[in-house]
Amino acid sequence: RRYELTCSSTRGFILRVLPTGKKVFFVRYVENGVDRRERLGLCGAELSVEEARELALRILAENKERNDTSDGTRTTGPTLAEPPEEPPPRRSSAAIERPLRHRGALRKRGPLLREVAARYLQDHVDIYLKPGTAQRYRALLRERILPALGRRRIDGLKRVDVERLHRSLAEMPTTANHAVRVLSSLLTKAIDWGLLEGPNPAARVRKFRERKVERFLTPEERQRLEDVLARGEATPRGERGYISPSAIAAIRLLSLTGMRRNEVIDLRWKMVDWRNQCLHLPDSKTGQKTVPLSGPSLEILRRLAQAPHHENGLVMPSLGGGRLTSINQTWLRIRTAARLHDVRIHDLRHSAASDAIMAGVPLHLVGAMLGHKSAQTTERYVHISNKALRDAVNRAGQAIARAAGWSHEE
38 RRYELTCSST
48 RGFILRVLPT
58 GKKVFFVRYV
68 ENGVDRRERL
78 GLCGAELSVE
88 EARELALRIL
98 AENKERNDTS
108 DGTRTTGPTL
118 AEPPEEPPPR
128 RSSAAIERPL
138 RHRGALRKRG
148 PLLREVAARY
158 LQDHVDIYLK
168 PGTAQRYRAL
178 LRERILPALG
188 RRRIDGLKRV
198 DVERLHRSLA
208 EMPTTANHAV
218 RVLSSLLTKA
228 IDWGLLEGPN
238 PAARVRKFRE
248 RKVERFLTPE
258 ERQRLEDVLA
268 RGEATPRGER
278 GYISPSAIAA
288 IRLLSLTGMR
298 RNEVIDLRWK
308 MVDWRNQCLH
318 LPDSKTGQKT
328 VPLSGPSLEI
338 LRRLAQAPHH
348 ENGLVMPSLG
358 GGRLTSINQT
368 WLRIRTAARL
378 HDVRIHDLRH
388 SAASDAIMAG
398 VPLHLVGAML
408 GHKSAQTTER
418 YVHISNKALR
428 DAVNRAGQAI
438 ARAAGWSHEE
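Heads up: the sequence shown is residues 38 to 447, going by the working numbering.
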């Protein structure tokens with residue numbers, strides 16, 4: 038059965054022993070006249086006795102401060118709740134009291150991870166990261182990192198703790214790796230702020246192998262996609278199969294230029310350089326970026342330029358004039374109609390790179406077209422480049438053989 042052990046030196050600090058044998062730390066206090074018990078964490082797995090005690094002392098101190106009035110008097114009622122009339126059965130508390138009693142004076146420790154995370158979001162993520170990236174960082178902290186480690190002090194975090202978090206997400210290897218990267222970034226900032234002495238416990242955690250799925254459209258699939266876009270273009274608004282002009286233009290530009298989705302839907306007329314036939318993106322994922330435009334891409338923009346411009350200057354606004362945020366939902370309808378069920382909108386970027394390479398464009402120029410800052414990023418397409426080279430060699434060899442009158446066997 039369940040029972041509880043209390044600490045004689047820290048009133049309100051409780052260890053609850055469950056029928057399963059698990060031990061959970063709690064702190065008990067009164068807030069606004071209400072008796073509250075706050076879970077601190079599992080004994081051993083999440084918190085040591087000392088860490089749990091320090092956390093309890095911090096919570097009790099915060100509660101005391103809240104209960105103090107502005108003139109220094111106390112609100113009515115004690116800070117800690119009185120023992121219940123029918124307390125749960127307890128065994129001897131010597132086992133827990135002894136280590137707590139002999140820990141000595143409470144030494145100053147680092148802040149809790151959740152406290153540093155709040156500053157990290159406010160002073161770094163929300164300022165320096167793009168909104169989409171910031172949203173992903175917030176989600177990883179809220180859903181993955183802080184539930185597991187938020188109550189731990191950052192100076193008590195070990196690599197084994199980060200590895201335990203990483204392993205707990207093994208069924209989602211990409212998410213697991215991203216969570217460790219976000220945590221590592223947070224702890225690096227904590228070191229910069231003087232809140233933590235190095236080394237960073239998350240810096241050298243071995244990542245899971247991620248399965249990178251690269252989907253390239255075949256010529257037949259490209260034709261099916263264009264057929265759907267053409268039908269949507271000819272369908273009156275309000276009828277089944279209609280696709281907005283902005284969405285059609287966005288999909289076509291994604292296919293032709295290899296730009297990223299947000300680069301296209303955030304495109305403004307002031308970024309279009311008609312004279313030099315390019316786009317100047319001031320704030321792409323990799324910083325400032327120039328995108329050269331082909332003839333078909335320029336024709337798409339010229340047609341859009343004939344329509345009235347919105348005050349916000351968006352090249353491809355939504356029907357309401359705002360940002361084209363519905364492009365993902367529109368793409369799902371388009372790919373279903375085109376029978377491209379496994380094709381993501383980002384695969385249009387991969388396909389643009391693949392088609393350029395197969396057309397004979399050198400790999401380094403493809404990297405420049407896509408805006409890659411590092412040649413290593415473009416190397417993911419090297420297998421396509423090798424195939425294009427083999428095909429070119431075969432075509433050249435066959436032409437030479439025909440000119441020389443050699444037989445196929447030779």
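No residue lacks a Cβ here, since even glycine has one placed at the ideal position from N, Cα and C.
Using a Cβ-Cβ distance cut-off of 8 Å, determine whether residue i contacts chain B.
i    : result
A185 : Included in the structure is just one protein chain, with no chain B present.
When the distance is taken between beta carbons, is residue j closer than 8 Å to residue i?
i    : j    : result
I337 : A374 : no
P238 : L186 : no
D174 : L183 : With the sequence shown as reference, residue 174 is identified as Tyr, and Asp is not the correct amino acid for it. For Y174 and L183, no; Cβs fall outside 8 Å.
R188 : L77  : yes
L42  : L52  : yes
L304 : L316 : yes
I280 : T362 : no
L351 : R360 : yes
M406 : P319 : no
R95  : F50  : no
L232 : V153 : yes
A216 : L177 : yes
R386 : G275 : no
V265 : I382 : no
E376 : R261 : The sequence as given places Arg at residue 376; Glu does not occur at that position. Yes, these two residues count as a Cβ contact at 8 Å.
Which of the three DSSP states is assigned to residue i in this structure?
i    : result
T116 : Per-residue confidence for T116 stands at a pLDDT of 42, beneath the threshold of 50, marking its modelled position as unreliable; no derived number is given.
K307 : helix
S46  : coil
K60  : strand
Y40  : strand
Y94  : It is Leu, not Tyr, that sits at residue 94 in the sequence shown. Of the three classes helix, strand and coil, the one that applies to L94 here is helix, per DSSP.
Q325 : strand
D264 : helix
R439 : helix
P210 : helix
Y66  : strand
P354 : coil
R243 : coil
R312 : coil
S130 : Bear in mind that the predicted position of S130 carries a pLDDT of just 44, short of 50, making it too unreliable to give a figure here.
R138 : Because the pLDDT of R138 is 38, which lies under 50, any placement of that residue in the model is unreliable, and the question is left without a value.
V153 : helix
P345 : coil
L361 : coil
L448 : Missing from the structure shown is residue 448; the chain here goes from 38 to 447 and no further.
State the start and end residues of the unbroken alpha helix (DSSP H) segment that holds residue i.
i    : result
R386 : 384-395
P333 : 332-342
Y279 : First-last for Y279: undefined, no H or E at that position.
H203 : 196-205
A171 : 168-177
A185 : 183-186
Any heavy atom of the ligand ADP inside 7 Å of the beta-carbon of residue i?
i    : result
G359 : Questions concerning the ligand ADP fall outside what the structure shown contains, since it holds no ligand whatsoever.
Have a look at residue i and residue j and give me their C-alpha separation to the nearest angstrom.
i    : j    : result
T212 : G324 : 25 Å
L335 : G358 : 22 Å
I191 : I364 : 41 Å
R297 : H161 : 24 Å
R48  : V64  : 9 Å
G169 : K244 : 23 Å
E300 : L254 : 21 Å
R271 : E348 : According to the sequence as given, residue 271 is Ala; it is not Arg. In a straight line, the C-alpha of A271 is about 27 Å away from that of E348.
S45  : F62  : 15 Å
Q314 : S388 : 22 Å
P282 : R252 : 26 Å
R339 : K307 : 14 Å
D392 : S85  : 58 Å
E208 : K226 : 29 Å
L92  : E75  : 11 Å
Taking the beta strand (DSSP E) that residue i falls in, what are its first and last residues?
i   : result
R76 : 71-79
Let me know if residue i comes out buried or exposed under the rule of 16 or more other beta-carbons within 10 Å of its beta-carbon.
i    : result
V197 : exposed
V403 : buried
N100 : buried
D229 : exposed
E446 : Model confidence at E446 stands at a pLDDT of 49, short of 50, so the residue's coordinates are unreliable; what they give is reported in the following sentence. E446 should be labelled exposed.
P236 : exposed
R144 : Low confidence applies to R144: its pLDDT is 42, below 50, so where it sits in the model is not reliable enough to give any reading.
V199 : buried
E88  : buried
A440 : exposed
G269 : buried
R39  : exposed
D379 : exposed
I302 : buried
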